[in-house]
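Asks:
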Amino acid sequence: MSVQAIDTPAFIPTAPARRDKPASVLNQLFGAASRNLVQWWTAESFRTPVTTNTILGTTYHAINDPEAVRRVLLDNVENYPKPDQLARVFPLMVDGLFGTDGAPWRSQRRLMAPVFTPAALQDFLPIFTEVAQATAASWEHEQPETIDVAAAATRATFDIISRALFSAEQGLAGDEAADHVAAMLDGVGQVGIMAYLGLSQFDPSPRARAGRRGTAYLTQRITAFIERRQADPSPPADFMTRLIDAFAADHPPKQAAKLALSNAVTFLVAGHETTANALAWTLYLLSEQPNAQAWAAQEAREALAGGGGPQQVLGRLVYLRWVLEEALRLYPPAPRIDRQALADDQLGELVVKKGDYIGVWPWVLHRHEALWDNPDAFDPERFAPEAKAAQHRFQYIPFGAGPRICIGAQFATAEALLILTEWLARFEFSPVPGHNVEVTSDIALRPKDGLPLIVTRRA
Ligand code: HEM
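Below, the structure is given as structure tokens:
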């Protein structure tokens, strides 16, 4: 069978209605648009190279010209560090790879590069397959008809990252830890304007309080874990051991422990919900397109039947890769990338002033009418080699681009593909009649209220 033989009819998957005019300042700060970032956009935003918004004296340019994106993320990257809100929204991550800039970031990225080489990734592949198989086995055993696939994907990717990071040590894996991490993320997504004003520790809402409890639990557990590891003469060769060793080479023990904590939280946060949402959106798209799903499932079964280890299985996947790439285009799990100009600059026609914020929104860029044919339609063949070669390198950036490109991109891609292979080979995923899938985004882009799907064992 040739891949081109598949006939995928044009399907326009779920997306929020576009506004005729921009959301009001009040709505952006306190209303629905503050809680759901994909509600900001007007139809015009998907046609123009730049959308500028001035709010409380701050100018924010959302840029959608791939050449301008290239200048911000690569050619003039020194002029565009991350804005300082991150420290207010997520103080625990601020010393880690995601939160730092300049020389400290360069040093950490260099130290961590060996943990993410293709050779190092090999060690993690069996974990991806084992966790995916465990989820599949529980579905086979319990035989539930409807499954919240988004929740199942979040749990699977949490189990993977906690095994990869901490060898699933007691207190950093399992239901209790998963619940605290979920509460912490939920709290961050919830506090919105309070966090931006640096007041999140005073937010009295139950979600913000649960978020603070989750943060305290993780800080305490991970700090104790790092102390034990620093004292262990022969620790297991997991992710954290590699990080602690890498920092120990350049920093005194206390500083190394602080950096290891910040990065452990960074990897827990950045390394599971994003991949879980990529999985959920892929399964949503395939559930709506039975032909595409049948093709992907056939490829998954053949890839597994071919034998060998997970690396060989990955090498046999073609169509499923395109489907995943298309899911990341339509529903980028990290829908925004923010920067702030250190000095005046020019981005094409746009004059940028020192202090202006620059937003690169994969959510808008990936659906921009000047860049894509039928941008809102699901069409995995956009990622067939010839079609992909015709795209601008900076029009498709689910993992960011330039020196700060996601360090976990290969990890996430291999993880998502191996999980999808195991699940699609065994089960068919179909929509639940009457359930409308909606898009929401506080920080991550996810299906609102989860993604219930009917999951049926394949013959
Ligand atoms: C589908 C899954 C994922 C998506 C869509 C994603 C997306 C992104 C994006 C867009 C950035 C750049 C942010 C910016 O430039 O401001 C980023 C950075 C980062 N990601 Fe991911 N990510 C994913 C999975 C992962 C995983 C599995 C890990 C870890 C195991 C990870 C760790 C990180 C880290 C540490 C950074 C900061 C890198 C730096 O600044 O040097 N991500 N990710």
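Residue 465 is where the sequence shown ends in the working numbering, and the numbering goes up by one at each step.
Note that CB positions come from ideal geometry on N, CA and C, so glycine has one too.
1) If you draw a straight line from the C-alpha of residue 230 to the C-alpha of residue 136, how long is it?
2) Is residue 461 helix, strand or coil when you go by DSSP?
3) Rounded to whole angstroms, what's the CA-CA distance from residue 20 to residue 233? Just pull it up for me.
4) Does the ligand HEM have a heavy atom nearer than 6 Å to the CB of residue 339?
5) Under the DSSP definition of a beta bridge, which residues are partnered with residue 437?
6) Using 10 angstroms around the beta-carbon of residue 7, count the other beta-carbons present and answer buried if the total reaches 16, otherwise exposed.
7) Tell me whether residue 407 is buried or exposed, calling it buried when 16 or more other Cβ atoms sit within 10 Å of its Cβ.
8) Where residue 429 and residue 454 are concerned, what is the direct C-alpha to C-alpha distance, given to the nearest angstrom?
9) Go ahead and pull the three-state DSSP assignment for residue 447.
10) Using 10 angstroms around the beta-carbon of residue 404, count the other beta-carbons present and answer buried if the total reaches 16, otherwise exposed.
11) Taking 8 Å as the cut-off, does the segment 324 to 342 touch the segment 431 to 450 (at least 3 CB pairs, one atom from each stretch)?
12) If you measure between the beta carbons of residue 39 and residue 46, is that distance less than 7 Å?
13) Is residue 186 helix, strand or coil by DSSP?
14) What do you get for residue 352, buried or exposed, if any count of 16 or more other CB atoms within 10 angstroms of its CB means buried?
15) Just reading off the alpha helix (DSSP H) that residue 424 is part of, what are its end residues?
16) In or out: residue 143 buried (at least 16 other Cβ within 10 Å) or exposed?
17) Alpha carbon to alpha carbon, how far is residue 246 from residue 159? Give it in angstroms, no decimals.
18) Assuming residue 379 is part of the beta strand (DSSP E), what are its boundary residues?
19) Just tell me which of 50, 27 and 69 has its CA closest to the CA of residue 367.
20) How would you write the range of the beta strand (DSSP E) that residue 365 sits in, first residue to last?
21) Can you have a look at residue 197 and say buried or exposed, based on whether 16 or more other CB atoms are within 10 angstroms of its CB?
22) Would you check whether the ligand HEM has a heavy atom nearer than 6 Å to the C-beta of residue 343?
Replies: Let's see:
1) As a first step, residue 230 is located in the sequence shown; it is residue number 224 there, counting from the start. As a first step, residue 136 is located in the sequence shown; it is residue number 130 there, counting from the start. Rounded to the nearest angstrom, the two C-alpha atoms are 28 Å apart.
2) Your numbering for residue 461 matches position 455 in the sequence shown. Three-state DSSP puts residue 461 in a strand.
3) Sequence index remark: in the sequence shown, residue 20 carries index 14 (1-based). Sequence index remark: in the sequence shown, residue 233 carries index 227 (1-based). So the alpha carbons of these two residues sit roughly 47 Å apart.
4) Numbered from 1 along the sequence shown, position 333 holds the residue referred to as residue 339. Yes, the beta carbon of residue 339 sits closer than 6 Å to at least one heavy atom of the ligand HEM.
5) Sequence index remark: in the sequence shown, residue 437 carries index 431 (1-based). 459.
6) Stepping through the sequence shown from its first residue, residue 7 is reached at position 1. Confidence at residue 7 is low in this model, with a pLDDT of 41, below 50, so its placement is unreliable and the value that follows should be read with caution. Exposed.
7) Start at 1 with the first residue of the sequence shown, and residue 407 comes out as number 401. Classification for residue 407: buried.
8) Taking the sequence shown and counting its residues from 1, the one referred to as residue 429 is at position 423. Taking the sequence shown and counting its residues from 1, the one referred to as residue 454 is at position 448. Each residue's alpha carbon lies about 22 Å from the other.
9) In the sequence shown, counting from the first residue as 1, residue 447 sits at position 441. Residue 447 falls in the strand class under three-state DSSP.
10) Taking the sequence shown and counting its residues from 1, the one referred to as residue 404 is at position 398. Counting Cβ neighbours within 10 Å, residue 404 comes out buried, since at least 16 surround it.
11) These segments touch.
12) Numbered from its first residue, the sequence shown carries residue 39 at position 33. Numbered from its first residue, the sequence shown carries residue 46 at position 40. Their beta carbons are under 7 Å apart, which means residue 39 touches residue 46 by this criterion.
13) Your numbering for residue 186 matches position 180 in the sequence shown. It is helical.
14) As a working note, residue 352 is residue 346 in the sequence shown. Its Cβ having fewer than 16 others within 10 Å, residue 352 is exposed.
15) As a first step, residue 424 must be located in the sequence shown, where it is residue number 418. Residues 415 to 432.
16) Taking the sequence shown and counting its residues from 1, the one referred to as residue 143 is at position 137. Exposed, because fewer than 16 other Cβ atoms sit within 10 Å of the Cβ of residue 143.
17) The sequence position of residue 159 within the sequence shown is 153, counting from 1. The sequence position of residue 246 within the sequence shown is 240, counting from 1. Distance between the alpha carbons of residue 159 and residue 246 is about 23 Å.
18) The residue you call residue 379 lines up with position 373 of the sequence shown. Here residue 379 belongs to no beta strand (DSSP E), and DSSP marks it neither H nor E.
19) In the sequence shown, residue 367 corresponds to position 361, counting from 1. With distances taken between Cα atoms, residue 367 lies closest to 69.
20) As a first step, residue 365 must be located in the sequence shown, where it is residue number 359. Per DSSP, residue 365 belongs to the beta strand (DSSP E) from 363 to 366.
21) Against the sequence shown, residue 197 aligns to sequence position 191. At residue 197 the pLDDT is 45, less than 50, meaning the model places this residue with poor confidence; the figure from the coordinates comes in the next sentence. Buried, since its Cβ has 16 or more Cβ neighbours within 10 Å.
22) By 1-based counting over the sequence shown, the position of residue 343 is 337. Correct: residue 343 has its Cβ closer than 6 Å to the ligand HEM.
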